[in-house]
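Student: Take the sequence shown: its position 211, counting from 1, is numbered 359 in the working numbering, and each next residue is one higher. All C-beta atoms in this analysis are idealised placements derived from N, C-alpha and C, irrespective of residue type, glycine included. Since we're looking at a predicted model, the values are computed, not measured. Take this structure, written in structure tokens, and hold onto it; I'll ask about it next.
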Amino acid sequence: MEKGIVVEVLGPVVFVCRYDGDHIAVEKPYACSLLGKKYRTGRPVAGDRVQFVIHSETVQGRDYQGVIQAIEPRTSLVERLEPGERRPKPVVANLDTLVVVASVGAPPLKPGLIDRYLVCAHHWHLEPLLIINKWEQAEEIDLLYVRLYEALGYRCIMASAHLKIELDTIKQTLEGRHSAFLGHSGVGKSSLLNELFPGVQLATGELSMQSQRGRHTTTASRLLPFEHGGFIIDTPGVREFGITGIPSQELSKCFPEFEPYAAQCRFQPCSHTHEPNCAVREAVEADELAAFRYQAYLKMYSEIRELEKSAY
Ligand SMILES: Nc1nc2c(ncn2[C@@H]2O[C@H](COP(=O)(O)OP(=O)(O)OP(=O)(O)O)[C@@H](O)[C@H]2O)c(=O)[nH]1
Ligand SMILES: [Mg+2]
Ligand SMILES: [Zn+2]
């Protein structure tokens, strides 16, 4: 039996490199098959640690070089709900750092989406990092948002894949870490990774002229190992990110700036939506808390409540 890490999943084929917990072997990944529905965690995703047996066989006309025997327990799992879906879609596992990639210009900076990823990072105790790409197109409003996130304690790197700005900072920050690039389609996740990992040629896409949105160029997550340890996983971009797996009463803990106020609410617990003498709402009204963050909270809260109600 070998220990490995899942670098990519393409349909029924799970690509695995050997991994001793420290170093990912520099090798062509083994194309592995799955043992039916035998895994408690469901299907493996990029970042999963697995046990596999190296063994050649042909199944349904496909050549495999191994079989996955078990998926090891996950330390974290980023999952999302697609619009209209009920079942969460797992995206990546076992991160220690969640990198939210956004862009300015096209697609424009979307704080509402950034906040969803930040919530996810807090829930799983992942270190958040914000990368704002295409910074050569930044306008005043973009800098304003960056300053707000920085004031909340989030580290922001303003970068440009095209002009090769801040690429060394990104590399130095993420080397040795287990991270993934998550964000809206078309912000330049794959473009940045092509610059950070010479020799890797991820597909990158044009923005559609009509909508100025990304076109979902990346369709499967792909793990890229650093030479001296750690990795970054490229993930397919989204248009929306439905929160899943976070109970409504835990949501406000994922907004760290609410915490000092939440302790002073009259009702405990307080949902900070309608209760009288809610210190969080009062702080928003007094401009002590950023209104856009509170709006993001309310939106996510009502979405989660809807799901919770319909689950009964
Ligand atoms: N102006 C500008 N354009 C960039 C920059 N980086 C990437 N782009 C362009 O943005 C578009 C989308 O880039 P991708 O790397 O495919 O974006 P992505 O985030 O991987 O998109 P998905 O795979 O769909 O999630 C391409 O046309 C890139 O050339 C940049 O720094 N500045
Ligand atoms: Mg991509
Ligand atoms: Zn409250």
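1) For ligand 3, any of its heavy atoms closer than 7 Å to the Cβ of C413?
2) Anyone know if the C-beta pair for G284 and H310 falls short of 8 Å?
3) Determine the extent of the alpha helix (DSSP H) in which K319 is found, giving its start and end residues.
4) Compute the minimum distance between the beta carbon of H171 and the heavy atoms of ligand 1, and state whether it is under 7 Å.
5) Would L243 be called buried (16 or more neighbouring beta carbons within 10 Å of its own) or exposed?
6) Could you check if S338 belongs to the surroundings of ligand 2, using beta carbon to heavy atom distance under 7 Å?
7) Please tell me whether L344 and L315 are closer than 8 Å, where the distance is taken between their beta carbons.
8) Over what stretch of residues does the beta strand (DSSP E) that includes P373 continue unbroken?
9) Pull up the distance between the alpha-carbon of S400 and that of Y445, whole angstroms please.
10) Buried or exposed: where does P226 fall if 16 or more other Cβ atoms within 10 Å of its Cβ makes it buried?
11) Residues in its own chain within less than 8 Å of E354 by CB, not counting five upstream and five downstream?
12) Report the CB separation of P221 from L229 in whole angstroms; it is logged as a contact under 8 Å.
13) Per DSSP, what kind of secondary structure is P346 in: helix, strand or coil?
14) State the Cα-Cα distance for the pair Y449 and E150, rounded to the nearest angstrom.
15) Hey, is A410 close to ligand 3, as in C-beta under 7 Å from one of its heavy atoms?
16) With DSSP run on the structure shown, which of helix, strand or coil describes S338?
17) Checking 8 Å against the spacing of the C-beta atoms, do A250 and G331 come in under that value?
18) Identify the residues that DSSP records as bridge partners of P238: which are they?
19) Take every Cβ of the stretch 202-221, pair it with every Cβ of the stretch 167-183, and state whether three or more of those distances are shorter than 8 Å.
20) Contact defined as beta carbons within less than 8 Å: I believe V154 pairs with A194. What is the distance between those atoms, to the nearest angstrom?
21) Skipping 5 residues on each side, what residues in its chain have a beta carbon closer than 8 Å to that of P346?
22) In this structure, how does DSSP classify D196 when only helix, strand and coil are distinguished?
23) Tell me, to the nearest whole angstrom, how far the beta carbon of V428 is from that of A410; I am working on the premise that it is less than 8 Å.
24) Is any heavy atom of ligand 1 found at a distance shorter than 7 Å from the C-beta of Q349?
25) Any heavy atom of ligand 2 closer than 7 Å to the Cβ of G331?
Tutor: To lay it out plainly:
1) As a position in the sequence shown, residue 413 is number 265, starting the count at 1. At least one heavy atom of ligand 3 is nearer than 7 Å to the Cβ of C413, so yes.
2) As a first step, residue 284 must be located in the sequence shown, where it is residue number 136. As a first step, residue 310 must be located in the sequence shown, where it is residue number 162. Here the sequence assigns Glu to residue 284, which means Gly is not the residue at that position. A Cβ-Cβ contact shorter than 8 Å links E284 with H310.
3) For the purposes of this step, residue 319 is identified with residue 171 of the sequence shown, where counting begins at 1. Secondary structure note for K319: its alpha helix (DSSP H) is the uninterrupted segment 315-322.
4) As a position in the sequence shown, residue 171 is number 23, starting the count at 1. Annotation for H171 indicates a beta carbon at 7 Å or more from all heavy atoms of ligand 1.
5) Taking the first residue of the sequence shown as 1, we reach residue 243 at position 95. Its Cβ being crowded by 16 or more others within 10 Å, L243 is buried.
6) For the purposes of this step, residue 338 is taken as the residue at position 190 of the sequence shown. For ligand 2, a non-hydrogen atom lies closer than 7 Å to the CB of S338.
7) For the purposes of this step, residue 344 is taken as residue 196 along the sequence shown, with counting starting at 1. For the purposes of this step, residue 315 is taken as residue 167 along the sequence shown, with counting starting at 1. Going by C-beta atoms, L344 is nearer than 8 Å to L315.
8) By one-based count along the sequence shown, residue 373 stands at place 225. Per DSSP, P373 belongs to the beta strand (DSSP E) from 370-373.
9) By one-based count along the sequence shown, residue 400 stands at place 252. By one-based count along the sequence shown, residue 445 stands at place 297. Distance from the CA of S400 to the CA of Y445, rounded to the nearest whole angstrom, comes to 7 Å.
10) Here residue 226 refers to the residue found at position 78 of the sequence shown. It should be pointed out that residue 226 corresponds to Val in this sequence rather than to Pro. Sixteen is the threshold: when 16 or more other Cβ atoms of the shown chains lie within 10 Å of the Cβ of V226, as they do, the residue is buried.
11) In the sequence shown, counting from the first residue as 1, residue 354 sits at position 206. Its chain contains R363 as the residues whose beta carbon lies nearer than 8 Å to that of E354, once the 5 sequence neighbours on both sides are disregarded; these appear in chain order.
12) If you number the sequence shown from 1, residue 221 lands on position 73. If you number the sequence shown from 1, residue 229 lands on position 81. Distance from P221 to L229 at the Cβ level is roughly 23 Å; contact not present, criterion being Cβ atoms closer than 8 Å.
13) Position 198 of the sequence shown holds residue 346. Three-state result, P346: coil.
14) The count along the sequence shown starts at 1 and reaches residue 449 at position 301. The count along the sequence shown starts at 1 and reaches residue 150 at position 2. Distance between the alpha carbons of Y449 and E150: 43 Å.
15) Counted from its first residue, the sequence shown places residue 410 at position 262. For A410, the Cβ falls inside the 7 Å cut-off from some heavy atom of ligand 3.
16) Locating residue 338 in the sequence shown gives position 190, counting from the first residue. Correct three-state label for S338: helix.
17) Numbered from its first residue, the sequence shown carries residue 250 at position 102. Numbered from its first residue, the sequence shown carries residue 331 at position 183. Yes, Cβ-Cβ distance for A250 and G331 is below 8 Å.
18) Start at 1 with the first residue of the sequence shown, and residue 238 comes out as number 90. Under DSSP, P238 shares a beta bridge with E227.
19) Taking 8 Å as the limit for Cβ pairs, the verdict is that the stretch 167-183 does touch the stretch 202-221.
20) Reading the sequence shown from its first residue, position 6 is the one you call residue 154. Reading the sequence shown from its first residue, position 46 is the one you call residue 194. Contact flag correct, Cβ pair sits at about 5 Å.
21) What you label residue 346 is simply residue 198 of the sequence shown in a count that begins at 1. Correct list: empty, nothing qualifies.
22) Counting from one through the sequence shown, the residue named residue 196 turns up at place 48. Shown here, D196 sits in coil according to DSSP, grouped into three states, outside any helix or strand.
23) Counting from one through the sequence shown, the residue named residue 428 turns up at place 280. Counting from one through the sequence shown, the residue named residue 410 turns up at place 262. About 6 Å separates the two Cβ atoms, so the contact holds.
24) Taking the sequence shown and counting its residues from 1, the one referred to as residue 349 is at position 201. In this structure, Q349 has its beta carbon at no less than 7 Å from each heavy atom of ligand 1.
25) For the purposes of this step, residue 331 is taken as the residue at position 183 of the sequence shown. Shortest gap from the CB of G331 to any heavy atom of ligand 2: 7 Å or more.
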